[in-house]
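> If you read the protein sequences in the order shown, they are chains A and B. So the number in my numbering is just where the residue sits in the first sequence, counting from 1, plus 10. So the number in my numbering is just where the residue sits in the second sequence, counting from 1, plus 10. No residue lacks a Cβ here, since even glycine has one placed at the ideal position from N, Cα and C. Treat the numbers as computed from the prediction; the structure is a model and nothing was measured. Here it is, the structure, as structure tokens.
Number of protein chains: 2
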Amino acid sequence: MLSIRVTAPATIANLGPGFDLIGMALDKPRDIVEVFLEEKGEDEVKVSGLQASDIPLDPNKNSAMVAAKAVLKKVKKENFKIKMNLIKEIPPRRGLGSSGASSIAGAYAVNCILGNPLKSEELLECAMEGEKVACGSPHIDNIAPALFGGITFISSFNPIRIIRLEPIKNAEILVLSPKIEIGIEKTKIAREILPKEVMLKTMVNQIQSFGNLIIGLMKKDLNLIGLGISGDHVIEPARAKLIPRFYDLKNRALENGAYGFSISGAGPSVFALVPKGEGKRIGEILYSILRENGILSEYSIHENSEDGVKIVS
Amino acid sequence: MLSIRVTAPATIANLGPGFDLIGMALDKPRDIVEVFLEEKGEDEVKVSGLQASDIPLDPNKNSAMVAAKAVLKKVKKENFKIKMNLIKEIPPRRGLGSSGASSIAGAYAVNCILGNPLKSEELLECAMEGEKVACGSPHIDNIAPALFGGITFISSFNPIRIIRLEPIKNAEILVLSPKIEIGIEKTKIAREILPKEVMLKTMVNQIQSFGNLIIGLMKKDLNLIGLGISGDHVIEPARAKLIPRFYDLKNRALENGAYGFSISGAGPSVFALVPKGEGKRIGEILYSILRENGILSEYSIHENSEDGVKIVS
Numbered sequence: 011m012l013s014i015r016v017t018a019p020a021t022i023a024n025l026g027p028g029f030d031l032i033g034m035a036l037d038k039p040r041d042i043v044e045v046f047l048e049e050k051g052e053d054e055v056k057v058s059g060l061q062a063s064d065i066p067l068d069p070n071k072n073s074a075m076v077a078a079k080a081v082l083k084k085v086k087k088e089n090f091k092i093k094m095n096l097i098k099e100i101p102p103r104r105g106l107g108s109s110g111a112s113s114i115a116g117a118y119a120v121n122c123i124l125g126n127p128l129k130s131e132e133l134l135e136c137a138m139e140g141e142k143v144a145c146g147s148p149h150i151d152n153i154a155p156a157l158f159g160g161i162t163f164i165s166s167f168n169p170i171r172i173i174r175l176e177p178i179k180n181a182e183i184l185v186l187s188p189k190i191e192i193g194i195e196k197t198k199i200a201r202e203i204l205p206k207e208v209m210l211k212t213m214v215n216q217i218q219s220f221g222n223l224i225i226g227l228m229k230k231d232l233n234l235i236g237l238g239i240s241g242d243h244v245i246e247p248a249r250a251k252l253i254p255r256f257y258d259l260k261n262r263a264l265e266n267g268a269y270g271f272s273i274s275g276a277g278p279s280v281f282a283l284v285p286k287g288e289g290k291r292i293g294e295i296l297y298s299i300l301r302e303n304g305i306l307s308e309y310s311i312h313e314n315s316e317d318g319v320k321i322v323s
Numbered sequence: 011m012l013s014i015r016v017t018a019p020a021t022i023a024n025l026g027p028g029f030d031l032i033g034m035a036l037d038k039p040r041d042i043v044e045v046f047l048e049e050k051g052e053d054e055v056k057v058s059g060l061q062a063s064d065i066p067l068d069p070n071k072n073s074a075m076v077a078a079k080a081v082l083k084k085v086k087k088e089n090f091k092i093k094m095n096l097i098k099e100i101p102p103r104r105g106l107g108s109s110g111a112s113s114i115a116g117a118y119a120v121n122c123i124l125g126n127p128l129k130s131e132e133l134l135e136c137a138m139e140g141e142k143v144a145c146g147s148p149h150i151d152n153i154a155p156a157l158f159g160g161i162t163f164i165s166s167f168n169p170i171r172i173i174r175l176e177p178i179k180n181a182e183i184l185v186l187s188p189k190i191e192i193g194i195e196k197t198k199i200a201r202e203i204l205p206k207e208v209m210l211k212t213m214v215n216q217i218q219s220f221g222n223l224i225i226g227l228m229k230k231d232l233n234l235i236g237l238g239i240s241g242d243h244v245i246e247p248a249r250a251k252l253i254p255r256f257y258d259l260k261n262r263a264l265e266n267g268a269y270g271f272s273i274s275g276a277g278p279s280v281f282a283l284v285p286k287g288e289g290k291r292i293g294e295i296l297y298s299i300l301r302e303n304g305i306l307s308e309y310s311i312h313e314n315s316e317d318g319v320k321i322v323s
């Protein structure tokens, strides 16, 4: 029996104007996936950890398992059966790439056991199968940073081509998760609320913000990165409606020294890029704003991780 | 009597997906502006050079003069009168930033004579006044590279904020100008033909191309720059209709080794980024395509200039 244990990080997708294109790996939390390959028996998933009861156990509906099985299919080793322990440390449906991390962890684990027959792009394709069962749409903006770490830009969808950018250093990432439920099909709802078309002028403004983000990342200019993150003219205005007191949170974060602020992935978590050591102070301010409005939340302080998915034992 | 002589370069705006945001300075041609400041007499413009008879002599309609007078106004020295010799080496209405170069040259010349009271951003504002009388809209995507050289990204419109990127090295820029007239109000026509709205998916594709362009420029990756240039999903498809055999030209350029191909500014010139030494061969091919279709054209081979506007004597 061949076995392996891997972890994959939570991620923040979009980073403001980079909708469907950009994502960032966080240092924590990380999902853990333990995989055993056998030539007999049945596929089986066990799930433990955060909100474990929300995660499907059906091997055809569990993201990590679907991704893992996609690897077996691609390398034509479907005679193998998979026993999987999925330990959820990334809360599902918060906008932190939970299903993306599980998916890439599942795919990566099986690929490692088999001696790495698949290239990175193929692993992403397999993980997309897992993401599809969880979110309804096979986007890779959370999966790519969970695989490569740092910050990833999707240079091409077909064929998949990823450019990895160096992680942001010397700054903290404050994540605030309001305790609300957008709905069980959260990603679908957050996608349906988006405009179908945008004005040409708005597109130019969006590209300008994206330019600031990318140039900022490459020049390691935190103020410019923040200007980019905060300058989403299309996705954020639509999705802000799903997040209580969104603009209060954003304004107060920026007034208090955050470089940039936007929605994490499809939300409802929001995030701020803040100077080192400032995450706790700004986190308390944002927590209080929601608390005063009768909404509980949690905040956590992160770094942009160098590492993506990796073997732990 | 105080006098100066400055030159400003032709420019290529947009570079494919960077509509209204990106521009590149060429090594040649360069407009020449000679300015004499006097405290008596009247404003007067003389124009010589290419298509000189198309350039207005009215001081309120000539781009270089309007920009120069805007400097005097901004520094409250409207008692000065301007005598100007404008020598056009950049052909007007070809999509090579002709009026933008004249405008920044006029503004820069007067600012120099006065001991540089205005900062770069203010000079751009003055040059925009000149561009407005020539093109009807005060865009700075041609003016900024004519001022700074290299490649410029407009990080913010209001306040104006420009980020200068290093010029592309080790490649030639082939410019092909079909001898057609889109109309005397060419920029207006080229703007009116654009879609008012774009699909969200198209916007994402456009941002992806823009990301490839910017990351390519910063990593000095000619193939990635070219992928970005060639990936305009919004402006090019609309304006290609104004340019004869556009897609034949594009396909043949790319098949023959060009890194990227798109429309220069508002057209009708097109440009290709090509490997060093390949400009002439590819230029002949493109020239022949138009010639076979009964359309005369000119091609010229350039480099991305380090220099923007500068004093020559």
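1. Quick one, which of ASN121(B), ALA115(B), VAL143(B), LEU204(B) has its alpha-carbon nearest ASN72(B)'s?
2. Given that ASP30(B) touches chain A, what residues does it touch there, using C-beta distances under 7 angstroms?
3. So does the stretch 146 to 163 of chain B actually touch the stretch 83 to 92 of chain B, counting three or more Cβ pairs closer than 8 angstroms?
4. With respect to the beta strand (DSSP E) encompassing TYR309(B), which residues constitute its N-terminal and C-terminal limits?
5. Please list the partners that GLY146(A) has in chain B, where partner means a Cβ-to-Cβ separation under 9 angstroms.
6. For chain B, find out if any of its Cβ atoms is closer than 8 angstroms to the Cβ of GLU141(A); answer yes or no.
7. Could you pull out every unbroken alpha helix (DSSP H) segment of at least 4 residues lying fully inside the stretch 19 to 104 of chain B, listed in chain order?
8. Using a beta-carbon distance below 8 angstroms, is MET34(B) in contact with chain A?
9. Listed in chain order, which residues of the stretch 193 to 210 of chain A have Cβ atoms closer than 7 angstroms to some Cβ of chain B?
10. Pull out every residue of the stretch 221 to 242 of chain A whose Cβ sits closer than 7 angstroms to any Cβ of chain B, in chain order.
11. Measure the alpha-carbon distance for ILE178(A) versus GLY160(A) and round it to whole angstroms.
12. Which residue from SER63(B), LEU67(B), ILE273(B) puts its Cα closest to that of THR197(B)?
13. Starting from PRO188(A), trace the beta strand (DSSP E) both ways and give me its first and last residue.
14. Secondary structure at ILE123(B), three-state DSSP: helix, strand or coil?
15. For a contact meaning CB atoms closer than 8 angstroms, what does SER165(B) contact in chain A?
16. DSSP state of SER165(B), grouped into three classes?
17. For GLU265(A), report the span of its alpha helix (DSSP H) as first-last.
18. What is the DSSP secondary structure of PRO155(B), counted as helix, strand or coil?
19. What do you reckon, are the CB atoms on LEU47(B) and ILE123(B) nearer than 8 angstroms?
20. So which residues on chain B does ILE173(A) lean against when the C-beta distance must stay under 9 angstroms?
21. If you scan the stretch 222 to 246 of chain B from start to end, which runs of the alpha helix (DSSP H) of 4 or more residues do you find wholly inside it?
22. Under the DSSP definition of a beta bridge, which residues are partnered with LEU134(B)?
23. State the DSSP-derived secondary structure class of GLY289(A), mapped to helix, strand or coil.
24. For TYR257(B), does the count of other Cβ atoms within 10 angstroms reach 16, so buried, or fall short, so exposed?
25. Using the three-state DSSP reduction, which class does LYS320(A) fall into: helix, strand or coil?
26. Identify the residues that DSSP records as bridge partners of SER13(B): which are they?
27. Could you give the distance in angstroms between the alpha-carbon of ARG15(B) and the alpha-carbon of GLY107(A)?
28. According to the neighbour-count rule (16 or more other Cβ atoms, all chains shown, within 10 Å of its Cβ), is PRO155(B) buried or exposed?
29. Residues in the same chain with beta-carbon distance under 6 angstroms from GLY236(A), minus the five sequence neighbours each way, listed in chain order, please.
30. Got a sec, what are the start and stop residues for the alpha helix (DSSP H) ILE199(A) sits in?
31. Suppose the cutoff is 8 angstroms on Cβ atoms and the five residues either side in sequence are ignored; what does the same chain contact list for LYS189(B) look like?
32. Are at least three pairs of beta-carbons, each pair with one atom in the stretch 133 to 141 of chain A and one in the stretch 29 to 46 of chain A, less than 8 angstroms apart?
33. Which residue's Cα is closest to the Cα of LEU252(B): ARG201(B), ASP37(B), GLY267(B), VAL185(B)?
34. Straight-line CA distance for VAL322(B) to ALA18(B)?
35. Can the beta-carbon of LYS91(B) be found closer than 8 angstroms to that of LYS50(B)?
36. Which one of ASN95(B), MET138(B), LEU186(B), GLY28(B) has the shortest CA to CA distance from ASN104(B)?
Let me spell this out:
1. Taking the first residue of the second sequence as 1, we reach residue 72(B) at position 62. In this structure, VAL143(B) is the residue among ASN121(B), ALA115(B), VAL143(B), LEU204(B) with its C-alpha nearest to the C-alpha of ASN72(B).
2. If you number the second sequence from 1, residue 30(B) lands on position 20. Here the neighbours are VAL214.
3. Between the stretch 146 to 163 of chain B and the stretch 83 to 92 of chain B, the count of C-beta pairs closer than 8 angstroms stays below three; the two stretches do not touch.
4. Residue numbering aside, residue 309(B) sits at position 299 when the second sequence is read from its first letter. 307 to 312 is the extent of the beta strand (DSSP E) around TYR309(B).
5. In the first sequence, the residue the question calls residue 146(A) occupies position 136. In chain order: nothing, as chain B lies at least about 16 angstroms away.
6. The sequence position of residue 141(A) within the first sequence is 131, counting from 1. Proximity of GLU141(A) to chain B, defined by a Cβ-Cβ separation below 8 angstroms, is not satisfied.
7. For the stretch 19 to 104 of chain B, the continuous alpha helix (DSSP H) assignments of 4+ residues that do not extend past its boundaries occur at 73 to 84, in sequence order.
8. The sequence position of residue 34(B) within the second sequence is 24, counting from 1. Put simply, the CB of MET34(B) is far from chain A, with every gap to its CB atoms at 8 angstroms or more.
9. Cβ contacts with chain B: LEU204, PRO205, LYS206, GLU207, VAL208, MET209, LEU210.
10. Residues of the stretch 221 to 242 of chain A whose Cβ lies closer than 7 angstroms to any Cβ of chain B, in chain order: GLY221, ASN222, ILE224, ILE225, MET228.
11. Position 168 of the first sequence holds residue 178(A). Position 150 of the first sequence holds residue 160(A). Per the coordinates, the alpha-carbon of ILE178(A) lies some 8 angstroms from the alpha-carbon of GLY160(A).
12. For the purposes of this step, residue 197(B) is identified with residue 187 of the second sequence, where counting begins at 1. The candidate whose alpha carbon is nearest that of THR197(B) is ILE273(B).
13. Reading the first sequence from its first residue, position 178 is the one you call residue 188(A). Its beta strand (DSSP E) spans residues 181 to 188.
14. Counting from one through the second sequence, the residue named residue 123(B) turns up at place 113. In the structure shown, the three-state DSSP call for ILE123(B) is helix.
15. Counting from one through the second sequence, the residue named residue 165(B) turns up at place 155. The answer, in chain order, is GLN218, GLY221, ASN222, ILE225, LEU234, LEU237.
16. Residue mapping note: residue 165(B) aligns to position 155 of the second sequence, counting from 1. Strand, per DSSP.
17. For the purposes of this step, residue 265(A) is identified with residue 255 of the first sequence, where counting begins at 1. 256 to 265 is the span of the alpha helix (DSSP H), which, as asked, contains GLU265(A).
18. Stepping through the second sequence from its first residue, residue 155(B) is reached at position 145. DSSP places PRO155(B) in helix when its eight states are reduced to three.
19. Residue mapping note: residue 47(B) aligns to position 37 of the second sequence, counting from 1. Residue mapping note: residue 123(B) aligns to position 113 of the second sequence, counting from 1. Judged by beta-carbon spacing, ILE123(B) lies within the 8 angstroms limit of LEU47(B), meaning their Cβ atoms are closer than that value.
20. Here residue 173(A) corresponds to residue number 163 of the first sequence, with the count starting at 1. Result: GLY221, ASN222, ILE225, LYS229, LEU234.
21. Inside the stretch 222 to 246 of chain B, DSSP marks whole alpha helix (DSSP H) runs of 4 or more residues at positions 232 to 239, from first to last along the chain.
22. What you label residue 134(B) is simply residue 124 of the second sequence in a count that begins at 1. LEU134(B) is not bridged to any residue.
23. Numbered from its first residue, the first sequence carries residue 289(A) at position 279. GLY289(A) sits in a helix when the DSSP states are folded into three classes.
24. Here residue 257(B) refers to the residue found at position 247 when the second sequence is read from its first residue. The residue is exposed, with fewer than 16 neighbouring Cβ atoms inside 10 Å.
25. Counting from one through the first sequence, the residue named residue 320(A) turns up at place 310. LYS320(A) carries a strand assignment under DSSP once its states are collapsed to helix, strand and coil.
26. Here the question's residue 13(B) lines up with position 3 in the second sequence. DSSP lists PHE46(B) as partners of SER13(B).
27. Start at 1 with the first residue of the second sequence, and residue 15(B) comes out as number 5. Start at 1 with the first residue of the first sequence, and residue 107(A) comes out as number 97. Their Cα atoms are separated by approximately 59 angstroms.
28. In the second sequence, residue 155(B) corresponds to position 145, counting from 1. With a threshold of 16 other beta carbon atoms within 10 Å, PRO155(B) meets it and is buried.
29. Mapped onto the first sequence, residue 236(A) falls at position 226. Excluding residues up to 5 positions away in sequence, TYR269, GLY270, LEU283 lie with their Cβ nearer than 6 angstroms to the Cβ of GLY236(A) in the same chain.
30. Position 189 of the first sequence holds residue 199(A). First-last of the alpha helix (DSSP H) with ILE199(A): 196 to 202.
31. Locating residue 189(B) in the second sequence gives position 179, where the first residue counts as 1. The residues are ILE305, LEU306, SER307, GLU308.
32. With the cut-off at 8 angstroms, the stretch 133 to 141 of chain A and the stretch 29 to 46 of chain A do not touch.
33. Start at 1 with the first residue of the second sequence, and residue 252(B) comes out as number 242. With distances taken between Cα atoms, LEU252(B) lies closest to ARG201(B).
34. Your numbering for residue 322(B) matches position 312 in the second sequence. Your numbering for residue 18(B) matches position 8 in the second sequence. Computed Cα separation, rounded: 10 angstroms.
35. In the second sequence, residue 91(B) corresponds to position 81, counting from 1. In the second sequence, residue 50(B) corresponds to position 40, counting from 1. Cβ atoms of LYS91(B) and LYS50(B): closer than 8 angstroms.
36. Stepping through the second sequence from its first residue, residue 104(B) is reached at position 94. The amino acid at residue 104(B) is misidentified as Asn; the sequence shows Arg. Checked all of ASN95(B), MET138(B), LEU186(B), GLY28(B); the closest Cα to ARG104(B) is LEU186(B).
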